[in-house]
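Everything in the sequence shown is counted per numbering that gives the first Met the number 0, starting at 0 for the first residue and increasing by one. Glycine residues also receive a C-beta, built at the ideal position from the N, C-alpha and C atoms. Shown next, in structure tokens, is the structure this report addresses.
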Amino acid sequence: MNEPLTCQSLPGYLEQNFSDYLATIWTVRSRNHPAVVTADMVVAEVFVDQIFVTGASTGDRELLGRWLETVERVLGGPDESLREIFVDYVEPVVLKTDRARWTQELAGPLLRAPDWMPRSERRGDARSVGSAWSTRTSCRCRSL
Numbered sequence: 000m001n002e003p004l005t006c007q008s009l010p011g012y013l014e015q016n017f018s019d020y021l022a023t024i025w026t027v028r029s030r031n032h033p034a035v036v037t038a039d040m041v042v043a044e045v046f047v048d049q050i051f052v053t054g055a056s057t058g059d060r061e062l063l064g065r066w067l068e069t070v071e072r073v074l075g076g077p078d079e080s081l082r083e084i085f086v087d088y089v090e091p092v093v094l095k096t097d098r099a100r101w102t103q104e105l106a107g108p109l110l111r112a113p114d115w116m117p118r119s120e121r122r123g124d125a126r127s128v129g130s131a132w133s134t135r136t137s138c139r140c141r142s143l
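Okay, here's the thing in structure tokens:
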């Protein structure tokens, strides 16, 4: 599945790539909300609250690797609504958990790129230029 991820295609992508969470994804999908609402709910309830938490708590590097690859695909994709959803839910778990340093080290090239910045610091385009993610998080990680 190499097409760009969108709010519409995200649930199917997660079903295919995180099949252990199929029942939970279907529970969210069965609510029959519009695609952007379903994407928001799937990211919050499944992608972050279940997949990331399971990977981080068990130390499952393979699962977290697939999780980070998905984040990278979405942040580099064309769907602005989906990018904003991911930034809203992913930024807090990446930057503010007790595993922030480990997550930062596992993060894909897009998260370490000097032009990636959180939504709260952006003005205008979703991929605006800002200070490096790793630079902004290094002091936070040392205190954990």
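{"Item": "Span of the alpha helix (DSSP H), counted from its first residue to its last, around Asn31", "Value": "No alpha helix (DSSP H) contains Asn31, which DSSP labels as neither H nor E."}
{"Item": "Rounded C-alpha distance that separates Pro77 from Glu14", "Value": "21 angstroms"}
{"Item": "Assigned secondary structure, Leu62 (DSSP; H/G/I helix, E/B strand, else coil)", "Value": "helix"}
{"Item": "Status (buried if at least 16 other CB within 10 Å, exposed otherwise) for Gly58", "Value": "exposed"}
{"Item": "Phe85, enclosing alpha helix (DSSP H) - first and last residue", "Value": "79–94"}
{"Item": "Proximity below 8 angstroms, CB of Asp48 to CB of Ile84", "Value": "no"}
{"Item": "8 angstroms contact criterion, which Val92 and Val70 should meet: CB distance rounded", "Value": "About 10 angstroms; that fails the 8 angstroms criterion."}
{"Item": "Where the alpha helix (DSSP H) through Asn16 begins and ends", "Value": "9–16"}
{"Item": "Alpha-carbon spacing of Gly129 relative to Ser29, whole angstroms", "Value": "Below a pLDDT of 50, predicted positions are generally treated as unreliable, and Gly129, at 36, falls in that range; the measurement from the model is reported next regardless. Cα-Cα distance, rounded: 39 angstroms."}
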